[in-house]
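S.K.:
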Amino acid sequence: MNICVFLSAAELDERYTRPAREFAELLGKGGHTLVWGGSDVGLMKVVADGVQEAGGRLVGVSVEFLSAKARPGADEMIVARDLAERKALLLENADAVVIMVGGTGTLDEATEILELKKHGHTDKPVVLLNTAGFYDGLKEQFLRMEAEGFLPVPLTDLVFFAEEAVGALAYLEESRGQQ
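In the working numbering, the protein residues as written are 42 to 220.
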């Protein structure tokens with residue numbers, strides 16, 4: 042399975058890097074391909090290292106203005122013109138999506154895939170990996186949106202909230218009929 046991971050390129054504390062690496066190792070050992078923003082820095086590097094070291098493939102989608110930070114040695118590296126094209130290419134090359142910790146770019150990517158699902162333009166499974174409670178506030182906001190009628194479909198049809206790497210990958214494999 043090609044699993045797109047939206048995440049930060051920032052250098053982060055071990056409470057975020059350790060669970061990200063665990064997920065990456067599971068992904069690689071499972072024979073899956075990582076589709077990610079292509080950067081060889083920060084959390085993106087941690088995940089790419091973990092996948093590659095565990096035998097998985099790497100498909101990066103960088104963007105022209107960040108191409109100097111692109112990972113050398115990826116199995117495939119696509120360079121998009123801009124962030125909008127990058128986001129489209131990430132989703133186009135993925136069978137499933139995992140949202141890890143990140144900033145505004147990660148949030149932008151997350152809301153894009155959820156909008157596509159909400160409107161029936163994709164049926165790809167989406168997991169929000171809530172490492173160290175990072176997305177507790179966002180989950181609360183989504184539940185409020187659902188309760189107050191802002192979501193035309195149940196939240197559970199849009200995204201699965203996982204607290205740990207094992208649960209995230211298990212959900213994706215089950216969603217795609219792999220076990």
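For each residue, glycine too, the CB sits at the ideal point set by N, CA and C.
Note that this is a predicted model, so its numbers are computed, not measured.
Going along the chain, which unbroken runs of the beta strand (DSSP E) with 3 or more residues stay wholly within the region 115-143?
M.R.: 117-121, 137-140
S.K.: For Leu53, which three-state DSSP category applies?
M.R.: Secondary structure of Leu53 (DSSP, three-state): coil.
S.K.: Would a C-beta distance cut-off of 8 Å place Gly69 and Ala95 closer than the cut-off?
M.R.: Against a cut-off of 8 Å, the Cβ pair of Ala95 and Gly69 comes out as a contact.
S.K.: Hey, could you find the ends of the alpha helix (DSSP H) Thr74 is sitting in?
M.R.: Per DSSP, Thr74 belongs to no alpha helix (DSSP H); it is in the beta strand (DSSP E), 74-77.
S.K.: Quick one, are the C-beta atoms of Ala50 and Leu84 less than 8 Å apart?
M.R.: yes
S.K.: May I have the straight-line CA-CA distance separating Lys180 from Val142, to the nearest angstrom?
M.R.: Cα-Cα distance, rounded: 13 Å.
S.K.: Per DSSP, what kind of secondary structure is Val168 in: helix, strand or coil?
M.R.: strand
S.K.: Looking only at C-alpha atoms, which of Val92, Asn171, Lys158, Thr172 sits nearest to Asp81?
M.R.: Val92
S.K.: From Ala89 to Pro113, what does the alpha carbon distance come to, in whole angstroms?
M.R.: Taking the straight line from one Cα to the other gives about 11 Å.
S.K.: Using the Cα positions of Phe175 and Leu169, report the straight-line distance between them to the nearest angstrom.
M.R.: 10 Å
S.K.: Opposite Gly101 in the DSSP bridges: which residues?
M.R.: Trp77, Met118
S.K.: For Leu148 and Val102, which I take to be in contact (beta-carbon distance under 8 Å), what is that distance rounded to the nearest angstrom?
M.R.: Contact doesn't hold; Cβ gap of about 18 Å is too wide.
S.K.: Count the other C-beta atoms from every protein chain shown that fall within 10 angstroms of the C-beta of Glu117, then say buried if there are 16 or more, exposed otherwise.
M.R.: exposed
S.K.: On the CB-based measure, 16 or more other CB atoms within 10 Å of its CB, does Pro166 come out buried or exposed?
M.R.: buried
S.K.: Taking just the CA atoms, how far does Leu124 sit from Lys158?
M.R.: 20 Å
S.K.: Using the three-state DSSP reduction, which class does Phe64 fall into: helix, strand or coil?
M.R.: In the displayed model, Phe64 falls within a helix according to three-state DSSP.
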